[in-house]
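Below you'll find the structure, written out as structure tokens, and then a few comments.
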Amino acid sequence: MKKTVINEITIVCEPPNVPFYIRNKGQEAIVEYYESWVKEFEEFMRDHRSQDPISLSVERHTIDVCSFCGLEWDVDDVGFPFCCKEAQEEYKTQNNQTILVNVSIPLPTTPTD
Ligand SMILES: [Zn+2]
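Below you can see the structure in the form of structure tokens.
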């Protein structure tokens, strides 16, 4: 069965908004503003007496994996899993149907008599 697991986290820091007079100067000015802000933030971390409000959060990134084999969850158009026999058997049980598998078998192009 499909289960969702955390595969990565991102720590997010929300810096203050760019002042209007900087935004009007264009992208390069905005990047330079934040480069300067990052250096100030590093100094802030060393000097915690600063009263600037800093917002930090942790974002969870998840992926769907198979609960049987742990591989990333991947299914066909009808939801039939590719990863392992256990997941396929579970699908068949839950959907109570026979799975038709399309197999191409090359045939000879000339008679074989
Ligand atoms: Zn599996």
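Positions 1190 to 1302 (the working numbering) are the ones given, in order, by the sequence shown.
For glycine and all other residues, C-beta sits at the position ideal for the given N, C-alpha and C.
Under a three-way DSSP split, which group does ASN1196 fall into? Here the question's residue 1196 lines up with position 7 in the sequence shown. If DSSP states are grouped into helix, strand and coil, ASN1196 belongs with the strands.
Counting only the same chain and skipping the five closest in sequence on each side, list residues whose C-beta sits under 7 Å from that of ALA1218. Along the sequence shown, one-based indexing puts residue 1218 at 29. Taken in chain order, the residues that qualify are ILE1211.
Does the beta carbon of PHE1269 fall short of 7 Å from some heavy atom of ligand 1? As a position in the sequence shown, residue 1269 is number 80, starting the count at 1. No, ligand 1 has no heavy atom inside 7 Å of this Cβ.
Beta carbon shell of ligand 1 at less than 5 Å from a heavy atom: Working through the chain, the matches are CYS1255, PHE1257, CYS1258, CYS1272, CYS1273 and ALA1276.
Give the range of the beta strand (DSSP E) segment to which THR1251 is assigned. As a working note, residue 1251 is residue 62 in the sequence shown. Looking at the DSSP string, the run of the beta strand (DSSP E) that includes THR1251 is 1244-1255.
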